[in-house]
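Taking it in order: structure first as structure tokens, then the write-up.
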Amino acid sequence: MSDSVAQDALDRALEEKDLVLVYQPIHEARSRAIYAAEALTRQRRQNGEIREASIIMETAEDGPELFKLDRFTMQRAYTDAARWHRQAPQVRVNVNLSPREFQEGNVFERLSELLTGCGTNPRCINLEITEVSHIEDPEETARILTRVHELGISLWLDDFGTGHSTLEHLQLFPIDGLKIPANFVKDLATDTKSRSIVRGLIAIAHDMGFRVIAEGIETDAQLDHLLEWDCDYIQGFLYSRPMTIDKFEKLLQT
Ligand code: G
Ligand code: MN
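Take the numbering used here: the final residue in the sequence shown is number 245, and no numbers are missing along the way.
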């Protein structure tokens, strides 16, 4: 895709004409009960088809548009969460926060203002921090996260063990849990190294009092390993695909 086509897609998205959120349920590993749903941004194409918004996201990644996209996603997800909270108060919403937000500043102020504006109880929010880029000032980030945590929001490290995530963040940040990326889960049935990594990460997390969500579970063989190691929560096509809010609310009623 050419730069100008990508820029057009981003411009349209920022006018919020074709951005939609879908929700992927996160289940308790053993009981399969719905624990939460992750809000994922998707693009609605002219023909109505909904697909990944990766081109928009990549185009926005380095520029100021990212904050507008983050804001759109959070506002929509918090509003949806406030609505389903009345129906199913135990079901949380997982929302992604770009680490670039910490460079932009005022993360605490912007988050608390958004939550108040949307009428959302912070206690039903799991904020996922995706460490796709280097966190420049970990101590300052820890101070901000502590204030965010004190609002009642739970904090999770996304894609843990890849990119710029480091074990030091487990010591430094006031987190509640970590998400094990699909890449490590993919070859659980066939690759002993993947098994060592996933088993080890779950053991470290539990030892430190954190919980674990494993992502990208597609097969019973993968699930069996995760159950054997007492993984807390499961997100993946085996249990549920991402779905529109209407479908998700219907699922909550069943
Ligand atoms: O890392 P992050 O939490 O943002 O990843 C969620 C992404 O992974 C979503 O885009 C979702 O559609 C995708 N996903 C979720 N479950 C599965 C799965 O079981 N298999 C595959 N291939 N992708 C998945
Ligand atoms: Mn995520």
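C-beta: ideal position from N, C-alpha, C; glycine also.
All figures in this text were calculated on a predicted structure; none of them were measured in a lab.
- Message: Just checking Thr153 against the ligand MN - is the residue's beta carbon closer than 7 angstroms to any of the ligand's heavy atoms?
- Response: Stepping through the sequence shown from its first residue, residue 153 is reached at position 162. Not one heavy atom of the ligand MN is found less than 7 angstroms from the C-beta of Thr153.
- Ordered along the chain, which non-local residues of its own chain (more than five positions away) have a Cβ less than 7 angstroms from that of Asp167? Along the sequence shown, read from residue 1 onward, the residue named residue 167 stands at position 176. Answer for Asp167: Ser145, Leu146, Trp147, Phe201, Arg202, listed in chain order.
- Query: Helix or strand or just coil, what does DSSP make of Trp220?
  - Reply: Taking the sequence shown and counting its residues from 1, the one referred to as residue 220 is at position 229. In the three-state reduction of the DSSP assignment, Trp220 falls in the coil class.
- Gly152 and Ile208 look like a contact to me (Cβ under 8 angstroms); what is the Cβ gap, rounded to whole Å? Translated into positions along the sequence shown, residue 152 becomes position 161. Translated into positions along the sequence shown, residue 208 becomes position 217. Not quite, the Cβ-Cβ distance comes to about 17 angstroms (not below 8 angstroms), so this is no contact.
- Message: Could you compute how far the alpha carbon of Ser156 sits from the alpha carbon of Leu102?
- Response: Working through the sequence shown from its first residue, we reach residue 156 at position 165. Working through the sequence shown from its first residue, we reach residue 102 at position 111. Using only the alpha carbons, I get a separation of about 23 angstroms.
- Assumed close pair Leu84, Ala27 - CB separation to whole angstroms, cut-off 8 angstroms: By 1-based counting over the sequence shown, the position of residue 84 is 93. By 1-based counting over the sequence shown, the position of residue 27 is 36. Note that residue 84 is Val in the sequence shown here, rather than Leu. That pair is a contact at about 6 angstroms.
- Query: Ala79 to Ile195, Cα distance in whole Å?
  - Reply: One-based indexing of the sequence shown puts residue 79 at position 88. One-based indexing of the sequence shown puts residue 195 at position 204. Near 32 angstroms, if we compare the C-alpha coordinates of Ile195 and Ala79.
- Message: Tell me which residues share the same chain as Pro233 and place their Cβ nearer than 6 angstroms to its Cβ, disregarding the 5 neighbours each side in the sequence.
- Response: By one-based count along the sequence shown, residue 233 stands at place 242. Closer than 6 angstroms at the Cβ level, and outside the excluded window around Pro233, lie Val13, Gln15, Leu31.
- Message: So the candidates are Lys8, Thr132, Cys222; which of them puts its Cα closest to the Cα of Leu247?
- Response: Here the chain comprises residues numbered -8 to 245, so residue 247 is not present and cannot be evaluated.
- Query: Does DSSP put Val86 in a helix, a strand or coil?
  - Reply: Sequence index remark: in the sequence shown, residue 86 carries index 95 (1-based). Of the three classes helix, strand and coil, the one that applies to Val86 here is strand, per DSSP.
- Alpha carbon of Asp71 to alpha carbon of Pro55, nearest angstrom: Within the sequence shown, the letter at position 80 stands for residue 71. Within the sequence shown, the letter at position 64 stands for residue 55. Going by the C-alpha atoms only, they are around 25 angstroms apart.
- Segment contact, 8 angstroms Cβ cut-off, at least three pairs: the segment 212 to 220 with the segment 89 to 100: Not touching, per the Cβ criterion.
- Message: Per the DSSP calculation, Asp149 is bridged to which residue(s)?
- Response: As a first step, residue 149 is located in the sequence shown; it is residue number 158 there, counting from the start. Note: Asp149 sits in a beta bridge opposite Thr121.
- Task: Could you work out which residue in Phe239, Met199, Glu127, Leu229 is closest to Lys177 when comparing CA atoms only?
- Result: The sequence position of residue 177 within the sequence shown is 186, counting from 1. Comparing Cα positions, the closest option is Leu229.
- Message: Pop quiz: Phe164 and Leu192 are said to be a contact at Cβ under 8 angstroms. What is the actual Cβ separation, rounded to whole angstroms?
- Response: Taking the first residue of the sequence shown as position 1, residue 164 is located at position 173. Taking the first residue of the sequence shown as position 1, residue 192 is located at position 201. Incorrect: roughly 16 angstroms between the Cβ atoms, too far for contact.
- Message: If you follow the beta strand (DSSP E) that Tyr69 is in, where does it begin and where does it stop?
- Response: By 1-based counting over the sequence shown, the position of residue 69 is 78. First-last for Tyr69: 56 to 78, but that is the alpha helix (DSSP H), not the beta strand (DSSP E).
- Limits of the unbroken alpha helix (DSSP H) element including Gln(-2): Indexing the sequence shown from 1 puts residue -2 at position 7. That run of the alpha helix (DSSP H) goes -6 to 5.
- Is the CB-CB distance between Leu243 and Val82 below 8 angstroms? The sequence position of residue 243 within the sequence shown is 252, counting from 1. The sequence position of residue 82 within the sequence shown is 91, counting from 1. In this structure, Val82 lies closer than 8 angstroms to Leu243 by Cβ.
- When you compare only the Cα positions, how much space is there between Gly227 and Arg74? Looking up residue 227 in the sequence shown gives position 236. Looking up residue 74 in the sequence shown gives position 83. Computed Cα separation, rounded: 24 angstroms.
- Item | Residue span of the beta strand (DSSP E) that contains Arg114, given as start and end | For the purposes of this step, residue 114 is taken as residue 123 along the sequence shown, with counting starting at 1. Where Arg114 is concerned, there is no enclosing beta strand (DSSP E), given that its DSSP letter is neither H nor E.
- Query: Is the beta carbon of Asn97 within less than 7 angstroms of some heavy atom of the ligand MN?
  - Reply: As a working note, residue 97 is residue 106 in the sequence shown. No - the ligand MN has no heavy atom lying nearer than 7 angstroms to the Cβ of Asn97.
- Item | N-terminal and C-terminal residue of the alpha helix (DSSP H) that Gln162 is part of | As a working mapping, residue 162 is identified with position 171 in the sequence shown. In the DSSP assignment, Gln162 falls within the unbroken alpha helix (DSSP H) covering 159 to 163.
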